[in-house]
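In this note's numbering, the protein residues as written are 8 to 300. Glycine included, each C-beta is placed from N, C-alpha and C at the ideal position. Everything on this sheet refers to the single structure shown next.
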């Protein structure tokens, strides 16, 4: 089976201790395709949703809407770690304050909306061309610059004397590990993220994800593990259906008349996605990504 025969998106529920790269390798074997990419990684200690593109759909990754991100996290109080999660060495300990719904609500509010956060030293941020985590592992002190992130909401799921479970809805680029660290500091204590699970990314949800145990060699290529149509994941695209003549024009790289309102479109023919296009000054759709008709 050729790579052109297989294409679509796959939701995978990543287990703890497995890297996102490991999951991509599993999908390559399962799809019998080298063309596999992801719409955002997870730390090895984290579990949950990975959105994987297979075959020609890897060309759609720049157009996939992955917001908001939804995470379930357990935040443990009393200690900060070098990684801001449970995998790192403890760097600072402080007495746990008395936690209450009211006290937490105030702290949540201070870490909501458009906020500035310092990413964890063990992160994928680049420092002079090198990943911060690579420098940190070599013992190099890393001073990362604060970045602006958007936190939509915190939902308290459970409360114990020294830990809480929360659901955090946020924008891309937000480090939940850093939120855990900063929550501890906001409460006059210390904290780290002890468990992390991605529940949703845009329209994709972990409830409909497959487990890594289902990614047997050839399972995707043979249709045992089905791939998803990408249209529901596309961000900022209007949907426009084309007749056979216009579909032929698009397939040859020619523009077609735009009738739907919007600046970017998913162009369809016979219920299949055939192109991503942008509106030109002449009110025509100019193709940017084209699939065989």
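Could you say which of the options lies nearest to residue i if we only look at CA atoms?
| i | options | result |
| --- | --- | --- |
| residue 17 | 211, 167, 171, 128 | 211 |
| residue 292 | 258, 42, 31, 168 | 258 |
| residue 179 | 111, 25, 75 | 75 |
| residue 48 | 27, 152, 63 | 27 |
| residue 233 | 25, 37, 24, 29 | 37 |
| residue 251 | 278, 268, 152 | 278 |
Within its chain, find whatever has a CB closer than 6 angstroms to the CB of residue i; leave out the 5 residues flanking it on each side and keep chain order.
| i | result |
| --- | --- |
| residue 235 | 15, 16 |
| residue 287 | 293 |
| residue 115 | 161 |
| residue 77 | 176, 206, 207 |
| residue 43 | 31, 34, 35, 61 |
| residue 89 | 95, 96, 98 |
| residue 65 | 42, 44 |
| residue 172 | 81, 164, 165 |
| residue 267 | 245, 247 |
Quick one: is residue i buried, meaning 16 or more other Cβ sit within 10 Å of its Cβ, or exposed?
| i | result |
| --- | --- |
| residue 265 | buried |
| residue 274 | buried |
| residue 46 | buried |
| residue 205 | buried |
| residue 249 | buried |
| residue 175 | buried |
| residue 69 | exposed |
| residue 73 | buried |
| residue 187 | buried |
| residue 247 | buried |
| residue 108 | exposed |
| residue 112 | exposed |
| residue 12 | Confidence at residue 12 is low in this model, with a pLDDT of 48, below 50, so the placement of that residue is unreliable and no value is reported for it. |
Measure the Cβ-Cβ separation of residue i and residue j and say whether it is below 9 angstroms.
| i | j | result |
| --- | --- | --- |
| residue 170 | residue 82 | yes |
| residue 50 | residue 203 | yes |
| residue 103 | residue 87 | no |
| residue 60 | residue 71 | yes |
| residue 283 | residue 241 | yes |
| residue 127 | residue 79 | no |
| residue 208 | residue 56 | yes |
| residue 243 | residue 297 | no |
| residue 181 | residue 158 | yes |
| residue 198 | residue 85 | yes |
| residue 164 | residue 106 | no |
| residue 200 | residue 217 | no |
| residue 228 | residue 41 | no |
| residue 22 | residue 219 | yes |
| residue 276 | residue 300 | yes |
So, for residue i: in the same chain, excluding its five sequence neighbours on each side, which residues have a beta-carbon less than 8 angstroms away from its beta-carbon?
| i | result |
| --- | --- |
| residue 189 | 118, 124 |
| residue 295 | 282, 283, 284, 285 |
| residue 110 | 104, 194 |
Below 7 angstroms CB to CB, which residues in the same chain sit around residue i once its five sequence neighbours on both sides are set aside?
| i | result |
| --- | --- |
| residue 155 | 121, 123 |
| residue 263 | 249, 253, 256, 257, 291, 292 |
| residue 270 | 285, 286 |
| residue 100 | 85, 86, 197 |
| residue 280 | 237, 238, 273, 298 |
| residue 25 | 51, 219 |
| residue 153 | 123, 124, 125 |
**OP:** Determine contact between the stretch 215 to 231 and the stretch 180 to 197, defined as no fewer than three beta-carbon pairs at a distance below 8 angstroms.
**Re:** no
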